[in-house]
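Here the structure comes first, spelled out in structure tokens, and everything after it is commentary.
Number of protein chains: 2
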Amino acid sequence: MEHELGVKPMSAECLQHLKPVRDSLDILNGKWKIPIIVALLHHNYRFKELHRLIDGVTPKMLSKELKELELNELVKRTVFDTTPVTVEYSITPYGKSLEKVIFELGKWGSEHRARIMKGKESIKHARCPEKETVLPG
Amino acid sequence: MEHELGVKPMSAECLQHLKPVRDSLDILNGKWKIPIIVALLHHNYRFKELHRLIDGVTPKMLSKELKELELNELVKRTVFDTTPVTVEYSITPYGKSLEKVIFELGKWGSEHRARIMKGKESIKHARCPEKETVLPG
DNA sequence: CAGAATCCCCGAAGATACTG
DNA sequence: CAGTATCTTCGGGGATTCTG
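Quick look at the structure:
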């Protein structure tokens, strides 16, 4: 079991630690989950409000990703028995626990962006300088 | 500009902070990037070694994701002029800067996994208990 | 060995329309 | 309002084969 690949170890235990990382990414994945979470970290919103707030999302996708977030108990769905019916989405305490992770991701992302802007011309990366004009004032 | 959506603010600045987060996720995204990075955080590997080490990846995908990682200067590709040619991949210092982020993702993922295992039966989540038998001994 | 080229398929996601 | 239903397209990614 020592060197199945020649001289180098298999790093099997190392790759084992992969799973939790992938779990997190799976939960955060999908174009709209992070926007949803970030939005709900600041306010409760109703479906249509989220739809308006998050630029580009379709009702179908919004609904789908909200459901997934709900399944993981990151987001709570509350129905108010008005007419017509009102539904409010809010972040759960568990959802709040993602704040640190999201912060770290944002931090690294900022550094990365800064690094690219700072004339690292060797990098012709795709997404960064341009893209995503965020909701005009 | 105060309440365009009724009584609630737009949270435009909030959604602005999204971009760096998405940058990070974009870079980490793809089934194989994290496995590659984690592997290279421990050793340098050659193409075929990575191919064997990372269970399930095809040469095409491995090549593609390695290229993307290279573009972002997270991974370095070194060609040795032997016959036949040898290529070694290694993590760059910049790639190393991802360690913290990956650690946080792993930490949250572990907690999430633990939480689910701990009999939170209300959650019928997809990926977690089973899946991914990691490289048998 | 280290990949590139080719073919192909299936599922994610957009557009549009409809319902309780 | 808060979604669902259907239809369709598009490209990510698998399997396989080929090359320097």
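Those sequence lines, one after another, are chains P and W. Under my numbering, the letters of the first sequence match residues 1 to 137, in that order. Under my numbering, the letters of the second sequence match residues 1001 to 1137, in that order. Backbone N, C-alpha and C fix where the C-beta goes; we use that ideal spot for every residue, glycine too. Quantities reported herein were computed from a predicted structural model and do not represent experimental measurements.
**Message:** Taking the alpha carbon of residue 1070/W as the reference point, which residue from 1036/W, 1055/W and 1048/W has its own alpha carbon closest?
**Reply:** 1036/W
**Asked** Run through DSSP, which three-state label would residue 76/P get?
**Response** strand
**Asked** Mind listing which residues of the segment 83-105 of chain P have their C-beta closer than 9 Å to chain W's C-betas, in chain order?
**Response** 94, 97, 98, 100, 101, 102, 103, 104 and 105
**Asked** Between residue 1020/W and residue 95/P, is the Cβ-Cβ spacing less than 7 Å?
**Response** no
**Asked** Just to confirm, are residue 1088/W and residue 1029/W a CB contact at a threshold of 7 Å?
**Response** no
**Request:** Would you grab the beta carbon distance between residue 1092/W and residue 1073/W for me? Rounded to a whole angstrom, and I think it's under 8 Å.
**Result:** 6 Å
**Message:** Among 1014/W, 1034/W, 1040/W and 1024/W, whose alpha-carbon lies nearest the alpha-carbon of residue 114/P?
**Reply:** 1024/W
**Message:** Quick check: residue 90/P and residue 67/P, are their CB atoms within less than 7 Å of each other?
**Reply:** no
**Message:** At the 7 Å Cβ level, is residue 1059/W part of the contact set with chain P, yes or no?
**Reply:** no
**Asked** Alpha carbon to alpha carbon, what distance is there between residue 1118/W and residue 103/P?
**Response** 27 Å
**Buried or exposed (CB count within 10 angstroms, at least 16 for buried), residue 49/P** = buried
**Message:** Looking at the secondary structure, which residues open and close the alpha helix (DSSP H) in which residue 1090/W lies?
**Reply:** Unbroken run through residue 1090/W is the beta strand (DSSP E), 1086-1091; no alpha helix (DSSP H).
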